[in-house]
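Visitor: Have a look at the structure that comes next, please.
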Amino acid sequence: MLRITCPYCGVRDQAEFRCGGPSHIARPSFEVSDRVWTDYLFNRDNPKGIHYERWLHEFGCGRWFNLARDTVTHQVHAVYRMGESKPTLDGGAS
Ligand SMILES: [Zn+2]
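The working numbering puts the first residue of the sequence shown at 48, with every later residue one more than the last.
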């Protein structure tokens, strides 16, 4: 089981959290093509290595935050609040 550090509550078991998918996904403007909209809505990267994700502390403070996790080892490399810049990590995908 992962131990995740909520930026508001501290270290907790993974069972208290829910993953909300990749973070830092930019919504395109309405003037883009159907292909761009389809890509935005349905296609996501599946990197081997560092992956930036949104997590909800569902059974804790109820707040969302971002997390950088290695998809191979599940090691958490960074936890940061919504609105903060994405940290630069070695071996990371964007
Ligand atoms: Zn929390």
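Beta carbons are placed, not taken as given, at the ideal position from N, Cα and C, and that holds for glycine.
So residue 51 packs on residue 102, CB below 8 angstroms; how close in whole Å?
Guide: At roughly 7 angstroms, the Cβ-Cβ gap stays under 8 angstroms, so residue 51 and residue 102 are in contact.
Visitor: Would the beta-carbon of residue 55 be found less than 6 angstroms away from any heavy atom of ligand 1?
Guide: yes
Visitor: According to DSSP, is residue 92 helix, strand or coil?
Guide: Residue 92: coil per DSSP, three-state reduction.
Visitor: Quick test of your reading: residue 116 and residue 98, contact by CB under 8 angstroms. State the CB separation rounded to the nearest angstrom.
Guide: 6 angstroms
Visitor: Using DSSP bridges, identify the partner residues of residue 69.
Guide: 100
Visitor: Run the CB neighbour count on residue 49, radius 10 Å, all protein chains shown included, and call it buried at 16 or more, exposed below.
Guide: exposed
Visitor: For residue 106, which residues in the same chain have their Cβ closer than 6 angstroms to its Cβ, ignoring the five residues on either side in sequence?
Guide: 63
Visitor: Based on the DSSP output, what are the partners of residue 53 in its beta bridges?
Guide: 57
Visitor: Indicate, with yes or no, if ligand 1 has a heavy atom lying under 6 angstroms from the CB of residue 104.
Guide: yes
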